[in-house]
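Chemist: If you read the protein sequences in the order shown, they are chains A and B. Heads up: the first sequence is residues 3 to 350, going by my numbering. Heads up: the second sequence is residues 2 to 171, going by my numbering. First the structure, which I've put down as structure tokens, then a few questions once you've had a look.
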Amino acid sequence: METLNNLFLIIAAAIRSLFADPHSVWANLTMDVINFIIVVVIIVLAALILILLERKIAGWTSQRTGPNRLGPRGWFQTIADALKLMGKEDITPAGADKFIFKVAPMIVFSLPMMTLAVIPYGNGMAPINLDLGIFYFLAISAISTVAFLMAGWGSNNKYSLLGGMRAVAQMISYEIPLLFSLLGVVMITQSFNLGTIVEAQKTIPFIILQPLAFVIYIIAGLAEVNRAPFDLVEADQEVVAGPFTEYTGLRWGLFFLGEYGNMTAVSALAATVFLGGWQGPMFLPGWVWFWLKVGIIIFFMMWVRWTFPRIRVDHLMHLAWKVLLPLSILNIFLTGFGIYIYRFVMGG
Amino acid sequence: MGTIVFFIFAILTIAAAWGVVTSKNIVHSALYLALSFSGVAVLYILMNADFLAAVQLLVYTGAVAIMVVFAVMLTLRGEVQESSLENRSWGWGAIVASLVFVVIALVVLGNTDWRVLPTEWTSGGSAADLSLLLLTQFMVPFEAAAVLLTVALVGAVILAKGVKRAHELK
């Protein structure tokens with residue numbers, strides 16, 4: 003069991019031992035490259051699996067069959083779709099701002115790679131163990147707003163630009179409750195480091211101490227990754243597909259990879275901060291627990307997407323500024339009081 | 002290694018800043034500004050100030066999106082390609098900017114207590130130390146800055162919405 007739990011650490015140590023000095027610059031560089039490839043593989047695999055899962059869950063919630071033709075029970079549907087995307091013609095609109103148009107999907111795809119690199123996937127299994135984990139994660143996600151706006155602007159299409167503007171309004175508004183909801187946990191653990199936060203949840207996951215923060219995080223997280231009921235950025239009936247309207251082929255595919263990568267990253271952060279990360283009963287290895295928890299949150303997000311109708315634009319801002327923000331500030335106050343009461347009771 | 006990275010990102014930062022002032026398209030200017038800010042964030046990381054680097058990305062680079070929105074909304078010219086034409090009196094601007102730079106550089110160089118640390122600093126720009134300083138030694142300037150920002154925000158709202166007398170509100 004212990005071996006299975008530390009499987010990846012043992013593999014990493016084995017690769018390092020191939021070098022004369024296991025902690026030389028070259029050994030570190032090799033490990034960094036391997037970690038990078040693993041993160042890319044995680045995003046691609048997540049997209050392949052999640053797109054199929056999404057369509058299956060969409061079918062299940064609306065009592066349809068979902069994809070069921072290609073392969074056993076339709077499991078090869080996404081692979082066929084990906085192949086089709088690669089074969090499509092890559093069109094750049096004549097009036098587009100060409101450089102911005104081409105660079106935007108790359109930025110959208112590269113951001114989840116940067117955020118997923120600091121998540122601890124198991125005990126001691128964070129690709130990069132960063133002291134500023136949570137803060138770095140939020141700082142990187144803030145850039146995705148610029149990327150969406152670049153896509154919307156570069157397309158030179160009024161619907162794309164409208165979508166980009168909506169992305170700015172929505173993502174900047176919801177970033178604040180998202181950030182504040184995580185502050186309660188940071189106050190309790192006194193650390194931004196995701197590894198330390200997971201260690202602190204050995205006895206009790208923070209969802210029990212911070213239920214309000216968890217709810218705020220999930221709502222704001224849904225809005226951050228632009229998923230229904232917060233998909234105003236790409237609302238098909240209003241702005242065609244928002245910033246993605248003019249994109250074709252693989253560039254459009256990059257947006258899709260980015261979206262599912264972002265969704266995985268937000269769910270992984272929720273699992274790490276609120277659900278105890280890789281902590282769990284010992285009959286399963288830590289990394290299995292981690293992915294189980296991520297899977298539960300992703301399933302919940304999909305369930306919400308196919309159950310609730312899209313929120314209205316004016317309600318969107320109302321919810322962020324007049325409901326979620328005061329609640330998250332209240333949560334910070336309550337956490338502060340709680341910490342003092344705890345110290346008083348424990349005789350600190 | 003660190004020196005090479007420093008020069009790559011220093012050149013990138015300055016080149017992007019040059020792009021900000023020379024670009025004819027105001028949206029390009031704003032995006033160059035985002036690039037320049039990101040370059041500065043990397044320079045912060047090289048100086049072990051990683052908290053400051055994250056703040057730089059979160060507050061400055063992220064906020065460029067808002068600047069682009071304003072650029073789009075406030076541009077009066079029809080063609081955005083020529084929305085930020087060079088001003089005729091750019092020479093005066095250059096002189097004033099250089100003077101300000103020289104004054105700030107002199108003040109910084111003259112007043113900083115330059116110390117050589119006994120050992121190389123490796124523990125990073127700790128958020129804990131920073132917050133402790135902000136809430137003890139530098140609390141008054143910190144709160145003053147907060148009040149200033151609030152006043153600016155309220156002022157912006159008043160400018161945008163206009164002031165009404167109490168009896169007009171109904």
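We put the CB at the ideal spot given by N, CA and C, even for glycine.
For the ligand GTP, is there a heavy atom less than 7 Å away from the beta-carbon of A:Pro24?
Modeler: The ligand GTP is not among the ligands present in this structure, which contains no ligands whatsoever.
Chemist: What is the residue span of the alpha helix (DSSP H) that A:Asn7 lies within?
Modeler: Unbroken alpha helix (DSSP H) run through A:Asn7: 4-7.
Chemist: Along the chain, where does the alpha helix (DSSP H) containing B:Thr4 start, and where does it finish?
Modeler: Per DSSP, B:Thr4 belongs to the alpha helix (DSSP H) from 3-23.
Chemist: Assign A:Leu54 to buried or exposed, taking buried as 16 or more other Cβ atoms, counted over all protein chains shown, within 10 Å of its Cβ.
Modeler: A:Leu54 comes out buried.
Chemist: Between A:Ala267 and A:Thr147, how many whole angstroms is the CB-CB distance? I'm expecting something under 8 Å.
Modeler: Their Cβ separation, rounded to whole angstroms, is 15 Å, which puts A:Ala267 and A:Thr147 out of contact at 8 Å.
Chemist: Please give me, in chain order, every unbroken run of the beta strand (DSSP E) with length at least 3 that falls completely inside the region 213-250 of chain A.
Modeler: If we require 3 residues or more, the region 213-250 of chain A turns out to have no beta strand (DSSP E) run fully inside it.
Chemist: Using a beta-carbon distance cut-off of less than 7 Å, what residues from the region 3-16 of chain B approach chain A?
Modeler: Per Cβ criterion, the list is empty.
Chemist: Between the region 33-47 of chain A and the region 286-293 of chain A, do at least 3 Cβ pairs fall closer than 8 Å?
Modeler: Result no; under three Cβ-Cβ pairs closer than 8 Å.
Chemist: Could you tell me which chain B residues have their CB closer than 7 Å to the CB of A:Thr147, listed as they occur along the chain?
Modeler: The contacting residues are Gly63, Ala66.
Chemist: Check whether chain A comes within 8 Å of B:Val22, counting only Cβ atoms and requiring the distance to be less than that.
Modeler: No, because no Cβ of chain A sits closer than 8 Å to the Cβ of B:Val22.
Chemist: Spatial neighbours of A:Ile174 within its chain, please: C-beta separation below 7 Å, excluding the five flanking residues on both sides.
Modeler: Counting only Cβ-Cβ distances below 7 Å, and skipping sequence neighbours, we find Thr147.
Chemist: Between which two residues does the alpha helix (DSSP H) carrying B:Phe52 extend?
Modeler: Unbroken alpha helix (DSSP H) run through B:Phe52: 51-56.
Chemist: Below 6 Å CB to CB, which residues in the same chain sit around A:Tyr123 once its five sequence neighbours on both sides are set aside?
Modeler: These residues qualify, in order along the chain: Trp289, Phe292.
Chemist: Over the uninterrupted alpha helix (DSSP H) stretch that includes A:Gly288, give me the two end residues.
Modeler: Segment 288-307, the alpha helix (DSSP H) holding A:Gly288.
Chemist: Show which residues of chain B have a CB atom less than 9 Å away from the CB atom of A:Phe10.
Modeler: Chain B residues near A:Phe10: none, gap ~26 Å exceeds 9 Å.
Chemist: Please report the residue range of the alpha helix (DSSP H) in which A:Ala48 lies.
Modeler: Residues 27-63.
Chemist: Give the range of the alpha helix (DSSP H) segment to which A:Arg345 is assigned.
Modeler: Element bounds for A:Arg345: 327-347.
Chemist: Three-state secondary structure (DSSP) at A:Ser157?
Modeler: Correct three-state label for A:Ser157: coil.
Chemist: Is the beta carbon of A:Tyr262 closer than 8 Å to that of A:Ala49?
Modeler: Yes.
Chemist: Flag A:Tyr176 as yes if its beta-carbon sits less than 8 Å from any beta-carbon of chain B, otherwise no.
Modeler: No, A:Tyr176 does not count as interfacial toward chain B.
Chemist: Can you tell which of A:Ala106, A:Leu113, A:Leu85, A:Gly297 has its C-alpha closest to the C-alpha of A:Trp155?
Modeler: Ranking A:Ala106, A:Leu113, A:Leu85, A:Gly297 by Cα distance to A:Trp155 puts A:Ala106 first.
Chemist: Between the region 183-195 of chain A and the region 331-348 of chain A, do at least 3 Cβ pairs fall closer than 8 Å?
Modeler: Cβ pair count under 8 Å is three or more, so yes.
Chemist: Taking the straight line between their C-alpha atoms, what separation do you get for B:Ala98 and B:Val104?
Modeler: Cα to Cα, the separation comes out at about 10 Å.
Chemist: Would you say the region 203-219 of chain A touches the region 297-305 of chain A, given that touching needs at least three Cβ pairs under 8 Å?
Modeler: No, the region 203-219 of chain A does not touch the region 297-305 of chain A.
Chemist: With a threshold of 8 Å between beta-carbons, can B:Val158 be considered close to chain A, or not?
Modeler: No, B:Val158 lies away from the interface with chain A (no Cβ there is under 8 Å from its Cβ).
Chemist: Could you round the C-beta distance between A:Leu113 and A:Ser64 to whole angstroms and report it? I think they count as a contact, below 8 Å.
Modeler: Not quite, the Cβ-Cβ distance comes to about 31 Å (not below 8 Å), so this is no contact.
Chemist: Below 7 Å on C-beta distance, what does B:Ala55 contact in chain A?
Modeler: The contacting residues are Leu134, Phe137, Tyr138, Ala141.
Chemist: Is it a yes or a no for the region 201-208 of chain A touching the region 249-259 of chain A, going by three-plus beta-carbon pairs under 8 Å?
Modeler: Judged by Cβ distances under 8 Å, the region 201-208 of chain A makes no contact with the region 249-259 of chain A, as fewer than three pairs qualify.
Chemist: Which two residues bound the contiguous alpha helix (DSSP H) that contains B:Val108?
Modeler: Taken as a continuous stretch (DSSP letters only), the alpha helix (DSSP H) holding B:Val108 covers 91-112.
Chemist: Is the CB-CB distance between A:Ala273 and A:Gly279 below 8 Å?
Modeler: Yes, Cβ-Cβ distance for A:Ala273 and A:Gly279 is below 8 Å.
Chemist: With a cut-off of 8 Å on the beta carbons, I'd call A:Ala237 and A:Arg307 a contact; round off their distance for me.
Modeler: Actually they are not in contact, since the Cβ atoms of A:Ala237 and A:Arg307 sit about 13 Å apart, beyond 8 Å.
Chemist: Could you pull the start and end residues of the alpha helix (DSSP H) that A:Asp99 belongs to?
Modeler: That residue, A:Asp99, is in no alpha helix (DSSP H); it is neither H nor E in DSSP.
Chemist: Between which two residues does the alpha helix (DSSP H) harbouring B:Leu133 extend?
Modeler: Element bounds for B:Leu133: 128-136.
Chemist: To the nearest whole angstrom, what separates the beta carbons of A:Val46 and A:Leu259, a pair I think is in contact under 8 Å?
Modeler: Their Cβ separation, rounded to whole angstroms, is 7 Å, which keeps A:Val46 and A:Leu259 in contact under 8 Å.
Chemist: Under 8 Å Cβ to Cβ from B:Val6, same chain only, skipping five residues before and after it: list those, please.
Modeler: Only Val43, Leu47 meet the Cβ criterion.
Chemist: Ordered along the chain, which non-local residues of its own chain (more than five positions away) have a Cβ less than 6 Å from that of B:Met68?
Modeler: Excluding positions up to five away in sequence, the list reads Ala31.
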